[in-house]
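So the structure is just underneath, and the comments pick up after that.
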Amino acid sequence: MPVVPESLRDIRAQFPIFARTVHDQPLVYLDTAATSQKPARVIERLRKFYSDEYGTVRRGSYLLCQQSTAMFECARKKAASFVNAERPEEIVFLRGVTEAINLAAVSLARSILKPGDEVLVSAMEHHANIVPWQLVRDMAGIHIRVIPMNDKGELCLDAYEAMLSERVKVVALNHVANSLGTINPIKQITALAHGVGAIVLVDGAQSAPHLKIDVRDLDCDLYAVSGHKMYGPSGAGFLYGRYSLLERMAPYQGGGEMIDRVEFSESTFEDPPYRFEAGTPPIAEVIGLGEAIDFLHDIGLEAIEAWDQALLAYATARLSAIPGLRFVGEAEARSGLVAFTIDGMHPFDVASILDRKGVAVRAGHHCAQPVMRHFDVPATLRASFGVYTVPEDIDTLAAGLELARDMLS
Ligand code: PMP
Numbered sequence: 027m028p029v030v031p032e033s034l035r036d037i038r039a040q041f042p043i044f045a046r047t048v049h050d051q052p053l054v055y056l057d058t059a060a061t062s063q064k065p066a067r068v069i070e071r072l073r074k075f076y077s078d079e080y081g082t083v084r085r086g087s088y089l090l091c092q093q094s095t096a097m098f099e100c101a102r103k104k105a106a107s108f109v110n111a112e113r114p115e116e117i118v119f120l121r122g123v124t125e126a127i128n129l130a131a132v133s134l135a136r137s138i139l140k141p142g143d144e145v146l147v148s149a150m151e152h153h154a155n156i157v158p159w160q161l162v163r164d165m166a167g168i169h170i171r172v173i174p175m176n177d178k179g180e181l182c183l184d185a186y187e188a189m190l191s192e193r194v195k196v197v198a199l200n201h202v203a204n205s206l207g208t209i210n211p212i213k214q215i216t217a218l219a220h221g222v223g224a225i226v227l228v229d230g231a232q233s234a235p236h237l238k239i240d241v242r243d244l245d246c247d248l249y250a251v252s253g254h255k256m257y258g259p260s261g262a263g264f265l266y267g268r269y270s271l272l273e274r275m276a277p278y279q280g281g282g283e284m285i286d287r288v289e290f291s292e293s294t295f296e297d298p299p300y301r302f303e304a305g306t307p308p309i310a311e312v313i314g315l316g317e318a319i320d321f322l323h324d325i326g327l328e329a330i331e332a333w334d335q336a337l338l339a340y341a342t343a344r345l346s347a348i349p350g351l352r353f354v355g356e357a358e359a360r361s362g363l364v365a366f367t368i369d370g371m372h373p374f375d376v377a378s379i380l381d382r383k384g385v386a387v388r389a390g391h392h393c394a395q396p397v398m399r400h401f402d403v404p405a406t407l408r409a410s411f412g413v414y415t416v417p418e419d420i421d422t423l424a425a426g427l428e429l430a431r432d433m434l435s
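Residue numbers for the sequence shown follow the numbering used here, beginning at 27 and rising by one.
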């Protein structure tokens, strides 16, 4: 059993939710890939902002507004440093990855894509990186093509290279697949895409909570992050964009302070990132996200990454011993989760039995129906880890799975 490292030893106590029980059992939370629990300091940051500091941003000259604006822009600096962006203006605050990819698809379709252009997505995408491209497909006259994967859940890089041509304008894929845990080789994929002049958009929903992200090293053009999966409040995330690309991108939504000048005949727009932040933003949530970034920095992303790998190895070994259990997603490079089926048992039935034991896991298609079709399964069970996950959680999961086997077989 791996030993919890020093930097994570008191972490669980910082998450108030673990003080409660579920069905009279201690909570074993193994659904961080869906959304993470929140540390007390993030909850306290929201409370303080709402009770003592609340005001709008960028819309008033009074003190509360000035202070809110300063805190909001400070969160932008933290987000920029979190992904190693060149400047804070490369960070656009949004609700999360879904909104970020919808923004990218609509904006690129309005400003850059031409009929006949191709957008490549991978076979292991979340629906959030498939459907937005389909929604703009007819408007922009583009084609969507799919980079295949093998049965371990790894992208076929030879096939990807063969698909690249001057017609490919966007390559959009996840850094870590939420249904498989695969870590994709983004740096290599980006270098190849740039060889044909394509823009690379990375869905970082599952990577940001576990891996150290360096957009300059990856050299990607757009990188989307959801705050609620990395210990921040729900309702806030961000899109990193290379500034020279953001400058070429059309607005996504209109209204509020995203304008330069408005006439009834036409309007002109602010520079990025404000051009993309129409309406009153999720102010408290963004400030809370800044606190979550500090929380992650204080632990250290290297320590988080190492603990994630230790948990992954332990879970893989522990669950392999369960008769009839098959992993779905066995890539060499993985992060954050194990997904599996158990012969003769429906994932939903297993998840209900686990829930009675206080174990929260996800059963379903994980918003990745094409992945389920590839592996010819209707659904999988997924146990995903966070900074508060301890090896005993995996032992409780394994015991619950044994119990489910006895009850259902
Ligand atoms: N992409 C991936 C890989 C995800 O795991 C998720 C969340 N399940 C999303 C996109 C969507 O993120 P959000 O719901 O925060 O917009």
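Even for Gly, the Cβ is constructed at its ideal location relative to N, Cα and C.
For PHE98 and HIS236, what's the separation of their Cα atoms in angstroms?
Here residue 98 refers to the residue found at position 72 when the sequence shown is read from its first residue. Here residue 236 refers to the residue found at position 210 when the sequence shown is read from its first residue. Taking C-alpha positions only, PHE98 is separated from HIS236 by approximately 24 Å.
For GLU195, which three-state DSSP category applies?
As a working mapping, residue 195 is identified with position 169 in the sequence shown. Looking at the sequence shown, residue 195 is not Glu but Lys. LYS195: strand per DSSP, three-state reduction.
Which listed residue (LEU327, ARG352, ILE285 and ILE127) has its alpha carbon closest to that of TRP159:
Here the question's residue 159 lines up with position 133 in the sequence shown. Measuring from the Cα of TRP159, the nearest candidate turns out to be ILE127.
Do LEU423 and LEU56 have their C-beta atoms closer together than 8 Å?
The count along the sequence shown starts at 1 and reaches residue 423 at position 397. The count along the sequence shown starts at 1 and reaches residue 56 at position 30. For LEU423 and LEU56, yes; Cβs fall inside 8 Å.
ALA111 (DSSP reduced to helix, strand or coil):
Locating residue 111 in the sequence shown gives position 85, counting from the first residue. In this structure, ALA111 counts as coil in the three-state DSSP scheme.
Where ALA357 and VAL364 are concerned, what is the direct C-alpha to C-alpha distance, given to the nearest angstrom?
Numbered from its first residue, the sequence shown carries residue 357 at position 331. Numbered from its first residue, the sequence shown carries residue 364 at position 338. So the alpha carbons of these two residues sit roughly 11 Å apart.
Other residues of its chain near GLU328: CB distance less than 7 Å, five sequence neighbours each side excluded
In the sequence shown, counting from the first residue as 1, residue 328 sits at position 302. LYS238, listed in sequence order.
Express the C-alpha separation of SER137 and LYS213 in angstroms, rounding to a whole number.
Position 187 of the sequence shown holds residue 213. Position 111 of the sequence shown holds residue 137. When the Cα atoms are used, LYS213 and SER137 turn out to be separated by approximately 26 Å.
How far does the beta strand (DSSP E) with ALA59 in it extend, from its first residue to its last?
On the sequence shown, residue 59 is found 33 positions in, with the first residue counted as 1. That residue, ALA59, is in no beta strand (DSSP E); it is neither H nor E in DSSP.
From what residue to what residue does the alpha helix (DSSP H) around ILE156 run?
Start at 1 with the first residue of the sequence shown, and residue 156 comes out as number 130. Run containing ILE156: none; DSSP gives neither H nor E here.
Please report the straight-line C-alpha distance between LYS140 and LEU146, rounded to a whole angstrom.
For the purposes of this step, residue 140 is taken as the residue at position 114 of the sequence shown. For the purposes of this step, residue 146 is taken as the residue at position 120 of the sequence shown. C-alpha separation (whole angstroms): 15 Å.
Look up ASN128 in the DSSP assignment and say whether it is helix, strand or coil.
Within the sequence shown, residue 128 is the residue found at index 102, counting from 1. It is helical.
To the nearest angstrom, how far is the alpha carbon of GLU70 from that of ALA318?
Within the sequence shown, the letter at position 44 stands for residue 70. Within the sequence shown, the letter at position 292 stands for residue 318. Their Cα atoms are separated by approximately 11 Å.
Look up SER435 in the DSSP assignment and say whether it is helix, strand or coil.
Mapped onto the sequence shown, residue 435 falls at position 409. The answer is coil: DSSP assigns SER435 none of H, G, I, E or B.
Of all the options PRO349, SER346, ALA332 and LEU380, which has the alpha carbon lying nearest to the alpha carbon of ARG360?
The residue you call residue 360 lines up with position 334 of the sequence shown. Measuring from the Cα of ARG360, the nearest candidate turns out to be ALA332.
Figure out for me which residue from PRO174, ALA111 and LYS64 has the closest Cα to the Cα of VAL397.
Locating residue 397 in the sequence shown gives position 371, counting from the first residue. The option with the nearest alpha carbon to VAL397 is PRO174.
Taking DSSP as the reference, what is the three-state secondary structure of MET275?
Looking up residue 275 in the sequence shown gives position 249. Three-state DSSP puts MET275 in coil, outside helix and strand.
Spatial neighbours of SER286 within its chain, please: C-beta separation below 7 Å, excluding the five flanking residues on both sides.
As a working mapping, residue 286 is identified with position 260 in the sequence shown. It is Asp, not Ser, that sits at residue 286 in the sequence shown. Correct list, in chain order: THR294, PHE295 and GLU296.
Nearest by alpha-carbon distance to GLU283: which of LEU429, VAL68 and GLY86 is it?
Counting from 1 along the sequence shown, the entry for residue 283 is found at position 257. It is GLY86.
Does DSSP put ASP286 in a helix, a strand or coil?
In the sequence shown, residue 286 corresponds to position 260, counting from 1. Reduced to three states, the DSSP call for ASP286 is strand.
Quick one, which of ARG102, ARG38 and PHE41 has its alpha-carbon nearest PRO307's?
Here residue 307 is taken as the residue at index 281 of the sequence shown, counted from 1. Minimum Cα distance to PRO307 is reached at ARG102.
Helix, strand or coil for LEU351 per DSSP?
In the sequence shown, the residue the question calls residue 351 occupies position 325. DSSP places LEU351 in strand when its eight states are reduced to three.
Three-state secondary structure (DSSP) at PRO52?
Numbered from its first residue, the sequence shown carries residue 52 at position 26. Strand at PRO52.
Tell me the DSSP bridge mates of ILE209?
Locating residue 209 in the sequence shown gives position 183, counting from the first residue. VAL202, per the DSSP bridge assignment.
Touching or not, the region 256–267 and the region 104–118, by the rule of three or more beta carbon pairs under 8 Å?
Contact between the region 256–267 and the region 104–118 is established, with three or more Cβ pairs separated by less than 8 Å.
Assuming LEU218 and LEU190 form a contact by the criterion Cβ under 8 Å, report the distance between their Cβ atoms to the nearest whole angstrom.
Numbered from its first residue, the sequence shown carries residue 218 at position 192. Numbered from its first residue, the sequence shown carries residue 190 at position 164. 6 Å between Cβ atoms; contact.
Quick one: grab the DSSP three-state call for PHE98.
On the sequence shown, position 72 is the one that residue 98 refers to. Three-state DSSP puts PHE98 in a helix.
Taking all protein chains shown into account, decide if PRO259 is buried (16 or more other Cβ within 10 angstroms of its Cβ) or exposed.
Along the sequence shown, one-based indexing puts residue 259 at 233. So PRO259 counts as buried.
is_contact[ARG193, chain C] using C-beta, thresh 8 Å:
Any reference to chain C falls outside this structure, which holds one protein chain only.
Alpha carbon to alpha carbon, how far is GLU292 from ARG388? Give it in angstroms, no decimals.
Indexing the sequence shown from 1 puts residue 388 at position 362. Indexing the sequence shown from 1 puts residue 292 at position 266. Their backbone Cα atoms lie some 48 Å apart in a straight line.
Say the cut is 7 Å; is the CB of SER77 nearer than that to a heavy atom of the ligand PMP?
Taking the sequence shown and counting its residues from 1, the one referred to as residue 77 is at position 51. Not one heavy atom of the ligand PMP lies closer than 7 Å to the C-beta of SER77.
First and last residue of the uninterrupted alpha helix (DSSP H) at PHE264:
Position 238 of the sequence shown, counting from 1, holds the residue named residue 264. Unbroken run through PHE264 is the beta strand (DSSP E), 263–267; no alpha helix (DSSP H).
For TYR186, I'd like the list of residues in its chain whose CB is within less than 6 Å of its CB, leaving aside the five on either flank, ordered along the chain.
Within the sequence shown, residue 186 is the residue found at index 160, counting from 1. Excluding residues within five positions, the ones whose Cβ falls inside 6 Å are ILE173.
Within 8 Å, strictly: CB atoms of PHE366 and THR406:
To locate residue 366, count along the sequence shown from 1; it is residue 340. To locate residue 406, count along the sequence shown from 1; it is residue 380. Going by C-beta atoms, PHE366 is nearer than 8 Å to THR406.
Along the chain, where does the alpha helix (DSSP H) containing TYR340 start, and where does it finish?
Sequence index remark: in the sequence shown, residue 340 carries index 314 (1-based). Looking at the DSSP string, the run of the alpha helix (DSSP H) that includes TYR340 is 327–346.
Is ASN128 near the ligand PMP, with its Cβ less than 7 Å from a heavy atom?
Locating residue 128 in the sequence shown gives position 102, counting from the first residue. No, the ligand PMP has no heavy atom inside 7 Å of this Cβ.
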